[in-house]
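Colleague:
There are 2 protein chains.
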Amino acid sequence: MRILFGTGNPGKLREVQALFGALDHEVEQLKDEYPEIQADTLEEVVIAGLEWLWNRHNVPIIIDDSGLFIETLKGFPGVYSAYVFKTLGCRGVLKLLEGDENRTAEFRCCAGYVDANGKIITRSGTSPGRIIHEMRGTGGFGYDPIFVPDGMEKTFAELELDIKNRISHRGMAFAMLAKAMKE
Amino acid sequence: MRILFGTGNPGKLREVQALFGALDHEVEQLKDEYPEIQADTLEEVVIAGLEWLWNRHNVPIIIDDSGLFIETLKGFPGVYSAYVFKTLGCRGVLKLLEGDENRTAEFRCCAGYVDANGKIITRSGTSPGRIIHEMRGTGGFGYDPIFVPDGMEKTFAELELDIKNRISHRGMAFAMLAKAMKE
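Chains as they are written, first to last, in numbering that gives the first Met the number 0: chain W, 0 to 182; chain Y, 0 to 182.
#1: Is there a C-beta anywhere in chain Y that falls below 8 angstroms from the one on W/Gln73?
#2: Mind checking who Y/Gly111 pairs with in its DSSP beta bridge?
#3: With a threshold of 6 angstroms on Cβ separation, who are the neighbours of Y/Glu42 within its own chain once the five nearest residues in sequence on each side are excluded?
#4: Could you please give the first and the last residue of the uninterrupted alpha helix (DSSP H) stretch that includes W/Val183?
#5: Considering only their Cβ atoms, is the gap separating Y/Tyr33 from Y/Trp51 smaller than 8 angstroms?
#6: Should Y/Gln16 be flagged as near chain W, meaning a C-beta pair shorter than 8 angstroms?
#7: Secondary structure at W/Ala38, three-state DSSP: helix, strand or coil?
#8: Let me know if Y/Glu133 comes out buried or exposed under the rule of 16 or more other beta-carbons within 10 Å of its beta-carbon.
#9: Compare the C-beta of W/Gly185 against all C-beta atoms of chain Y and say whether one is closer than 8 angstroms.
#10: My assumption, with CB atoms under 8 angstroms, is that Y/Gly5 sits in contact with Y/Asp31. Please give the rounded CB distance.
#11: With distances taken between CB atoms, is the gap from Y/Thr103 to Y/His168 smaller than 8 angstroms?
#12: Distance cutoff 8 angstroms, beta carbons only. Does W/Tyr82 sit that close to anything in chain Y?
#13: Do you know how far the Cα of Y/Ala174 is from the Cα of W/Gly150?
#14: Since I believe W/Tyr112 is in contact with W/Leu176 (beta carbons under 8 angstroms), could you give me their beta-carbon distance rounded to a whole number of angstroms?
#15: Express the C-alpha separation of Y/Ile69 and W/Leu93 in angstroms, rounding to a whole number.
#16: Kindly identify the DSSP beta-bridge partner or partners of Y/Leu3.
#17: Put W/Glu105 into one of helix, strand or coil per three-state DSSP.
#18: Within 8 angstroms of any Cβ in chain W, is that where the Cβ of Y/Ala104 sits?
#19: Here's the rule I'm using: 16 or more other beta-carbon atoms within 10 Å means buried, otherwise exposed. How should W/Ala179 be labelled?
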């Protein structure tokens, strides 16, 4: 089946093509920018985005949304992680956590699929971990240099890409989505 | 003319009723929660909200959106001021500015009107000022206790309500909107 993937990120496109290629789906990039709503959860953002895109294209489409949720900051930056990264960056988040013992955080990803009839399914993945006290590593993007996943010593920016992808919130969300689509 | 005002805030409703009552418009509350999009400007949020509401009601509607834009934080919290207030609060914003000499900030409001035919106009107002180093005052809401408007010594939370309304970004935006609607 041919599926459009709404993303501007070539790296994400390759990851998803590899995953869905194994299931005999042909994934092509959809460059349409869809409106992301202000909401409390990633799932609401994904569902609204899929509805908007489906109303325009009427074909199977996949999108995803991710965020970093920091416990002691009541989930901030959460759904607005991209905006906060652009304005405050990792340094701003570290400053907000100065003097804070509780460094618990998790990355979350919600991946969603709308079929040709407009039926939507979503699946979510999480990477629990902690925010360290300084930036480490040059790989990845966004908050990766300040996030160490549980059970690891390296930040997401220090981990090899294939290891990061295997344990990551996004990999998990897409793997579960692919499974749900098969059923 | 009868106009619906999309707001959940009774104080704002009274202000707008007073302003538009003087122009022989009867303003009633519209409690529909419309989706607010993630965008770089308040105007984009307002226009998308008006389009969404108008598609459902097909009558004249007013809405507004406000935010605090801090220069040294690249405009943060901006369009996401409400969410940031819920999570970080005034204390979080003060922490982000610790050690920063540049305290320049402004409140912005965009007010928009869609007429019975779906035609949209928007007008914006600003309150330039600065972020002080501690919270002062118990009036107002949101970031009012840490914001002192230019030419004043008191914070928005210390000013008398009618003075604040007269010089505020919201008052200015609605006054200009009312003027544009007359023309």
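Note that the Cβ used here is the ideal one computed from N, Cα and C, for glycine as well.
Modeller: Walking through what the data contain:
#1: Residue identity differs from the one stated: residue 73 of chain W is Lys in this sequence, not Gln. W/Lys73 counts as touching chain Y.
#2: Y/Ile62 and Y/Thr121
#3: Cys109 and Thr121
#4: There is no way to answer for residue 183 of chain W, as the model of chain W reaches only from 0 to 182.
#5: yes
#6: no
#7: coil
#8: exposed
#9: Beyond the ends of chain W as shown, which are 0 and 182, falls residue 185 of chain W; an answer cannot be given.
#10: 6 angstroms
#11: no
#12: yes
#13: 58 angstroms
#14: 6 angstroms
#15: 19 angstroms
#16: Y/Glu27 and Y/Ile60
#17: strand
#18: no
#19: exposed
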